[in-house]
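See below for the structure under consideration.
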Amino acid sequence: MLKKAFFSTTFLKFLAVGGFAALVNFFSRIGFSYFVGYTVAIILAYCLGIVTAFIFNKLYVFNHKVGRRSHAEQFYYFFLINLVGLAQTLVISLLLAHYLLPALGITRAVEEIAHFIGICVPVFTSYLGHKYITFRPA
Numbered sequence: 001m002l003k004k005a006f007f008s009t010t011f012l013k014f015l016a017v018g019g020f021a022a023l024v025n026f027f028s029r030i031g032f033s034y035f036v037g038y039t040v041a042i043i044l045a046y047c048l049g050i051v052t053a054f055i056f057n058k059l060y061v062f063n064h065k066v067g068r069r070s071h072a073e074q075f076y077y078f079f080l081i082n083l084v085g086l087a088q089t090l091v092i093s094l095l096l097a098h099y100l101l102p103a104l105g106i107t108r109a110v111e112e113i114a115h116f117i118g119i120c121v122p123v124f125t126s127y128l129g130h131k132y133i134t135f136r137p138a
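Using full-length UniProt numbering, the first residue of the sequence shown is number 1, and each one after it goes up by one.
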């Protein structure tokens, strides 16, 4: 079942939309960092990425699967699943930026490297959550 889920055109579309939302997330974090600290910037950028991802997933990825949920319910579940992704992103980003990358002697673009890796971590768990919960077919 998992092999079929991940080797599908739906997953490829999810990756494309997720890549775009990740770029929104990544570059907005850099912009937010001019005004707030790193942790708050990650959270704000993640929220902007969530809204971007919801709109594009609904329009282009899961649009053929008309679920039983209203738009508000779908966004609610989308947000809950992405809170788990936010926790994964935040923990990985902070551990890498403050401990692992410095321990490896990496001193340039530490926050950017850490945040990029942190964004990539929840791809698979988020896809399954959105496919089977948020946008589940009727």
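Ideal Cβ placement from N, Cα and C applies to all residues, glycine included. On a predicted model such as this, the values are computed, not experimentally measured, just so you know.
- Over the uninterrupted alpha helix (DSSP H) stretch that includes ASN63, give me the two end residues. Here the question's residue 63 lines up with position 63 in the sequence shown. Unbroken run through ASN63: none, as it is neither H nor E.
- Item | Through-space distance from CYS120 to PHE14, alpha-carbon basis | The residue you call residue 14 lines up with position 14 of the sequence shown. The residue you call residue 120 lines up with position 120 of the sequence shown. Roughly 13 Å separates the two Cα atoms.
- Message: Spatial neighbours of PHE26 within its chain, please: C-beta separation below 6 Å, excluding the five flanking residues on both sides.
- Response: Taking the sequence shown and counting its residues from 1, one reaches residue 26 at position 26. For PHE26, where only same-chain residues beyond five positions count, there are no Cβ hits under 6 Å.
- Stretch pair the region 73-88 + the region 45-61: three plus CB contacts closer than 8 Å: yes
- Message: Taking 7 Å as the limit between beta carbons, can you name the residues of its chain near ILE81, skipping five residues before and five after?
- Response: The residue you call residue 81 lines up with position 81 of the sequence shown. Excluding positions up to five away in sequence, the list reads SER126, GLY129, HIS130, ILE133 and THR134.
- Helix, strand or coil: which one does DSSP assign to ILE106? Residue mapping note: residue 106 aligns to position 106 of the sequence shown, counting from 1. Coil at ILE106, not helix or strand.
- Taking Cβ positions, are THR89 and ILE42 nearer each other than 8 Å? Translated into the one-based positions of the sequence shown, residue 89 becomes position 89. Translated into the one-based positions of the sequence shown, residue 42 becomes position 42. Taking 8 Å as the Cβ cut-off, THR89 and ILE42 qualify as a contacting pair.
- Query: If you run the structure through DSSP and keep just helix, strand and coil, what is PHE79?
  - Reply: The residue you call residue 79 lines up with position 79 of the sequence shown. If DSSP states are grouped into helix, strand and coil, PHE79 belongs with the helices.
- For TYR127, the three-state DSSP class (helix, strand or coil): Here residue 127 is taken as the residue at index 127 of the sequence shown, counted from 1. Of the three classes helix, strand and coil, the one that applies to TYR127 here is helix, per DSSP.
- Could you have a look at TYR38 and say whether DSSP puts it in helix, strand or coil? The residue you call residue 38 lines up with position 38 of the sequence shown. In the structure shown, TYR38 sits in a helix (DSSP, three-state: H, G or I).
- Whole-Å CB distance - VAL61 paired with VAL17, under 8 Å assumed: Stepping through the sequence shown from its first residue, residue 61 is reached at position 61. Stepping through the sequence shown from its first residue, residue 17 is reached at position 17. That pair is a contact at about 6 Å.
- Task: Would you grab the beta carbon distance between TYR46 and LEU86 for me? Rounded to a whole angstrom, and I think it's under 8 Å.
- Result: The residue labelled residue 46 in the question sits at position 46 within the sequence shown. The residue labelled residue 86 in the question sits at position 86 within the sequence shown. With 8 Å as the limit, TYR46 and LEU86 qualify as a contact, their Cβ atoms being about 5 Å apart.
- Compute the minimum distance between the beta carbon of LEU95 and the heavy atoms of the ligand FMN, and state whether it is under 7 Å. What this structure holds is no ligand at all, so the ligand FMN is not there to describe.
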